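See structure below.
Residue numbers (my numbering), protein chains in the order written: chain U, 1 to 160; chain F, 161 to 320.
Structure representation (structure tokens):
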């Protein structure tokens, strides 16, 4: 396989940018994701790819849930900050003084995002350097109006 | 769950538009997809959601492969035409007189797309009204330069 062609064509794939959160027994995690997609209307299902080293991964597994918050177009800086790993950034909820709303399931969602969907994990798959979760949307809330932040507009190549 | 909130937040997810092809024993299928994402760098893995009624689905299963061709920004009309089901559109390769290049694996790729990646299926999952394939990129080729077509720019809500 031609590695340049592989890289070039895969970079032509279009993505949005999302804050993904999870919580379990008082511990909270949040990171910036772009590798996710809806995969079914009925029931509403999503796949999400999470790096194996993610500190939020054990929280998703323990709680069986995660929350997807599409960033608004003006949140580029926050999307970058939430992309830093916890071992360097610390507890991002605290250090970034994140405004949070609580979902009905008791999970944290970003108050300044466009909205959120709470997803209940149905299955997970090993996928190379990552774990892929298949999850059902069980709760949704609109938080603000506006356009979503895209990878292209943010100038990011990969968020996580 | 609030159905309006569910619909509104899920529509804030950002997608590209892709021609997906598959072939088996002389039969060829092609459709327009937007529910797909890379999920791993090493090895390079992709997930693709395919509707259960898709006429290309049996070709993907029989061959164990599919080809993803990101549409160029100017291919909105073609993306719409390839989104029509085969039982109404007939053999879209013939009726649309599609210019095709053959991959090293012998599969058809759209000659006027930005490029293509050939994906070998590693696993499939039941996902509500769709089937989700996890597949490894085994071949890639750049065909032209330009920006990719996005769902938002095309004004589409869902392609398949």
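The beta carbon of each residue, even a glycine, is placed where N, CA and C say it ideally should be.
Being a predicted model, the structure only gives us computed values, none of them experimental.
Neighbouring residues, chain F, relative to residue 129 of chain U (Cβ below 8 Å)
200, 201, 202
Could you give the distance in angstroms between the alpha-carbon of residue 254 of chain F and the alpha-carbon of residue 208 of chain F?
25 Å
At the 8 Å Cβ level, is residue 169 of chain F part of the contact set with chain U, yes or no?
yes
Short check: CB of residue 236 of chain F to CB of residue 314 of chain F, under 8 Å?
yes
I'd like to know if the region 208–221 of chain F and the region 262–273 of chain F are in contact, where contact means that at least 3 CB-CB pairs between them fall below 8 Å.
no
According to DSSP, is residue 200 of chain F helix, strand or coil?
strand
Judging by CA-CA distance, which residue of F:172, F:203, F:289, F:268 is the nearest neighbour of residue 10 of chain U?
F:203
When you compare only the Cα positions, how much space is there between residue 239 of chain F and residue 192 of chain F?
6 Å
Going along chain F, which residues have a C-beta under 8 Å from residue 117 of chain U?
166, 169, 170
Please decide whether residue 142 of chain U counts as near chain F, where near means a Cβ-Cβ distance under 8 Å.
yes
If you reduce the DSSP assignment to three classes, tell me which class residue 306 of chain F lands in.
coil
Skipping 5 residues on each side, what residues in its chain have a beta carbon closer than 6 Å to that of residue 133 of chain U?
48, 121, 124
From which residue to which residue does the beta strand (DSSP E) around residue 80 of chain U run?
Taken as a continuous stretch (DSSP letters only), residue 80 of chain U belongs to no beta strand (DSSP E), being part of the alpha helix (DSSP H) at 76–81.
Any non-hydrogen atom of the ligand HEM within 7 Å of residue 29 of chain U CB:
Among the components modelled here there is no ligand, and therefore nothing to report on the ligand HEM.
Mapping the DSSP letters down to three states, classify residue 87 of chain U as helix, strand or coil.
helix
Nearest chain U C-beta to residue 173 of chain F closer than 8 Å, yes or no?
yes
Simplified DSSP assignment, three categories, for residue 168 of chain F
helix
Measuring CB to CB, does residue 52 of chain U end up less than 8 Å from residue 138 of chain U?
no
Just to confirm, is the Cβ distance from residue 119 of chain U to residue 65 of chain U under 8 Å?
yes
Can you give the Cα-Cα distance for residue 223 of chain F and residue 99 of chain U, rounded to whole angstroms?
49 Å
Does residue 176 of chain F come within less than 8 Å of chain U when only Cβ atoms are used?
yes
Would residue 308 of chain F pass as a contact of residue 241 of chain F if the rule is Cβ separation under 8 Å?
no
Using the C-alpha atoms, what's the distance from residue 179 of chain F back to residue 186 of chain F?
19 Å
Where do the ends of the beta strand (DSSP E) carrying residue 212 of chain F lie?
Careful: residue 212 of chain F lies outside any beta strand (DSSP E) and carries neither H nor E.
Once DSSP output is grouped into helix, strand and coil, what is the label at residue 65 of chain U?
strand
Can you grab the Cα-Cα spacing for the pair residue 181 of chain F / residue 151 of chain U, in whole Å?
26 Å
So, with DSSP's three-state summary, where would you put residue 110 of chain U?
strand
Going by DSSP, what residue range makes up the alpha helix (DSSP H) through residue 151 of chain U?
151–154
Taking Cβ to Cβ, would you say residue 316 of chain F is nearer than 8 Å to residue 273 of chain F?
no
Exposed or buried, which one is residue 196 of chain F when buried takes at least 16 other CB atoms within 10 Å?
buried
Does any CB atom of chain F fall closer than 8 Å to the CB of residue 228 of chain U?
No answer is possible for residue 228 of chain U: the residues shown for chain U start at 1 and end at 160.
Using the beta-carbon count (16 or more within 10 Å), is residue 180 of chain U buried or exposed?
Outside the shown range of chain U, which is 1 to 160, sits residue 180 of chain U, and nothing can be said about it.
The beta strand (DSSP E) enclosing residue 103 of chain U, as first and last residue numbers
Residue 103 of chain U -> no beta strand (DSSP E), and no H or E assigned at all.
Of all the options U:135, U:142, U:143, which has the alpha carbon lying nearest to the alpha carbon of residue 50 of chain U?
U:135
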